[in-house]
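Down below is the structure, laid out as C-alpha cells.
Number of protein chains: 2
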Amino acid sequence: MKPLILVTNDDGIDSRGIRHLVEIMNHFGEVVIVAPDSPQSGMGHAITVGDKLRLVKSDLFDNDLSYKCSGTPADCVKIAKHHLLKERKIDLIVSGINHGSNSSISVLYSGTMSAAIEGAIENTPSIGFSLCDYDPNASLSHTGPFIKKIVQNALQNGIPDSIALNVNIPAVSNENIKGIKVCKQANAIWEEKFDKRYDPYGREYFWMVGNFVNHDNDPDNDESAINSNYVSIVPCKFDLSSNKGQDYLKKNWKI
Amino acid sequence: MKPLILVTNDDGIDSRGIRHLVEIMNHFGEVVIVAPDSPQSGMGHAITVGDKLRLVKSDLFDNDLSYKCSGTPADCVKIAKHHLLKERKIDLIVSGINHGSNSSISVLYSGTMSAAIEGAIENTPSIGFSLCDYDPNASLSHTGPFIKKIVQNALQNGIPDSIALNVNIPAVSNENIKGIKVCKQANAIWEEKFDKRYDPYGREYFWMVGNFVNHDNDPDNDESAINSNYVSIVPCKFDLSSNKGQDYLKKNWKI
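For the protein sequence lines, the chains are A and B, in the order given.
End of the first sequence = 255 in this note's numbering, gap-free, step of one.
End of the second sequence = 510 in this note's numbering, gap-free, step of one.
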C-alpha cells in the first residue's frame, strides 16, 4: 500500500516551496496537503487557543485532499491528524520547503519546524525542509535529489520516536553540494536591532531587524555543514529537560 | 546595587498574574515591565516577522518603566533587551504568573516559557512561573513564598548558562504544598478534538479542544511532582539536538 504523506509549511499554501515539495512527494505515496492560508513565518510552536479555525478546500493542487487552514503550522498538523485523517495512519509528515534557513537557533522560531516537531509529538515520522535562501523566487530545482534521498531513507529506515528532522539545503546548484551530513544544532543567535520610525499620526513604531551571529565553529554542527556546502540534518527532540541544569540546582540551590 | 529585573508574561499586561508577580519582584530590585498588549496564550516561541511593533507606556504600574508591546512574549524580551534597556545589564527575567499549567509538553506551546527561553538564549537568567489553574480569577496569594524562595536562589546561587527554569505551582493553598522539587519534563501530550460548527452564513468552522493525557509515571517528572502537591522546577535548554537521533541516522541511513 502506498504511504500516506501529509505536506504542510509555514510560508502559506500558495508559496513555491510547498508546491515543489508536493511534486516530489507525489512520487512516494498518497499526498494530503493541509497548509496555512496566510504566511506564518516565525510562528514558532504557536497554536490557536481561544479562537476558531477554518479548514477550506484548496484547488491549487490536483491531490484529492488539499486544504488551507486559518491556523498556525502546528494547528495544520493537529487538524489533519485528529480531524481530516483521524481514521487513518499518517506514515510521514513533511513541512516546507521553507524559503529561508532554519538552522541552529532558528529551529525555535520556525513554523516549518514546529509543524515537524508537532508531528513527532504525535508519534509520526516528520521532517522539515528549508532552503538557505530567503528570496521567495530562489531556485528550488537542486533540492529534489536530496529531498528524495532523505524521504526514501525516512520511509525505509525510519526515524526514532519523538524525534523530528531539521533539514537545511544550501542555496547553490546541485553539482556543488557535497552531500548530506547528520549534525547537531549550532550554538548561534539572532542579535536584534529595532529600527524606530513614526507613522503619519506621529506615533512611533519599530521594525525588528535580526543579524545572525555564529561563534560556534564545531565542525559537527549544522552551520558548519551548510557553510561547507553540505545538506544538514539535525535530529531534534522536544524534551527540553536539562540534566546539567537539574544537577546544578540540586547541588547549589537551597530549596 | 539593586538587581535589574524584567517582568513579562503571555496573558497580557492587564492580567492578574503579572500584577501579582510585579508586586513580589518589587521587593527584589528595580523592576521594568514589558508585556503584551493582548493575550498571547499558546503563542509558543513566535516572533513578529515582517510586521511592525508598537511599544507604548502603560500606567497600570507605579514602576517608572512599564510598557505594553504589540508583539509576542519573545518579542517583549527582545525589545526590552535590545532597545529599552540596551545600555544596561538585565540581572533576571521573570515571566508570568501564567493562568494555567505549563508543565510537561505545554512548555513548547507556552508564551510564558518562550519569553523565559528567549531570555536564556540572550544569556540572561530567566524563569517562567505558572499557576496550575486556568481560572483567571484563581487565588494567587499562596504563590508568593515559593516565588520569593526561587527568585532568591536565582539571584544568589545562579542559573546555569543557556537554561531557563519552568516553574509550575499547584493550585492549592500554601499550607498544603509540600515543597519545591527539581524535575524533568514529563512525557505527556495534548490529544485534540475538533468541534465542528456552522457560522450564520453556513460556513463550517472548528474549535480545537485539547485533552491532557499523561502516561509517564516517573516520580522525577514535573507532572508527578505537581500531582503530589510540590512546586516543580524543570531546567529547560534550547539545544534540541538529539544524540540518540544522530547515532540512529548515522548507523541506519544510507546517505
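Built from N, CA and C at the ideal position, the CB exists for glycine as well.
| Query | Result |
| --- | --- |
| Closer than 8 Å to chain A by CB, S270 of chain B | no |
| Same chain, Cβ closer than 8 Å to Y230 of chain A, five either side skipped, listed in chain order | P170, I177, K178, G179, I180, K181 |
| Three-way DSSP call (helix, strand, coil) for A375 of chain B in this model | helix |
| 8 Å Cβ cutoff, L363 of chain B in contact with chain A | yes |
| Helix, strand or coil at C438 of chain B [DSSP, three-state] | coil |
| Partner residues on chain A for N412 of chain B, Cβ-Cβ distance less than 8 Å | N252, W253, K254 |
| Sequence-distant residues of its chain with Cβ nearer than 6 Å to E192 of chain A (five each side left out) | M208, G210 |
| Helix, strand or coil at V107 of chain A [DSSP, three-state] | helix |
| Nearest neighbour of I90 of chain A, chosen from A:Q40, A:D62, A:T124, A:S241 [CA to CA] | A:T124 |
| Check whether V32 of chain A and L65 of chain A have beta carbons under 8 Å apart | yes |
| Rounded Cβ spacing between C76 of chain A and A115 of chain A (contact assumed at less than 8 Å) | 6 Å |
| Best match in A:A154, A:I117, A:F194 for proximity to I163 of chain A [C-alpha to C-alpha] | A:I117 |
| Residue range of the alpha helix (DSSP H) that includes M280 of chain B | 271-280 |
| Straight-line gap, V468 of chain B to D317 of chain B (C-alpha atoms, nearest Å) | 42 Å |
| Of the listed residues B:G267, B:D390, B:S497, B:N442, nearest to C183 of chain A (C-alpha basis) | B:S497 |
| DSSP-derived helix/strand/coil call for S242 of chain A | coil |
| Secondary structure, beta strand (DSSP E): runs of 3+ residues fully inside the stretch 291-375 of chain B | 310-312, 321-324, 347-354 |
| Cβ-based neighbour list, V234 of chain A, same chain, cut-off 6 Å, excluding 5 preceding and 5 following | N166, C183, Q185, D222 |
| Three-state secondary structure (DSSP) of L155 of chain A | helix |
| Limits of the unbroken alpha helix (DSSP H) element including S260 of chain A | The structure shown does not extend to residue 260 of chain A, since chain A is modelled only from 1 through 255, so no value can be given for it. |
| Alpha-carbon to alpha-carbon, R19 of chain A and N26 of chain A | 11 Å |
| Contacts of D218 of chain A in chain B (Cβ-Cβ under 7 Å) | What D218 of chain A touches in chain B: nothing, since even the nearest Cβ is about 11 Å away. |
| E23 of chain A burial status per 10 Å Cβ neighbour count (16 or more: buried) | exposed |
| Nearest to P291 of chain B (by Cα), restricted to the options B:H470, B:D265, B:S428 | B:D265 |
| Residue-level contact to chain A via CB, D265 of chain B, 8 Å cutoff | no |
| Cα-Cα separation between S101 of chain A and T112 of chain A, rounded to whole angstroms | 10 Å |
| Rounded straight-line distance, which links the Cα of E377 of chain B to that of K148 of chain A | 37 Å |
| Alpha carbon of D199 of chain A to alpha carbon of D14 of chain A, nearest angstrom | 31 Å |
| Distance, D220 of chain A Cα to L258 of chain A Cα | Since the first residue of chain A shown is 1 and the last is 255, residue 258 of chain A is not available in this structure. |
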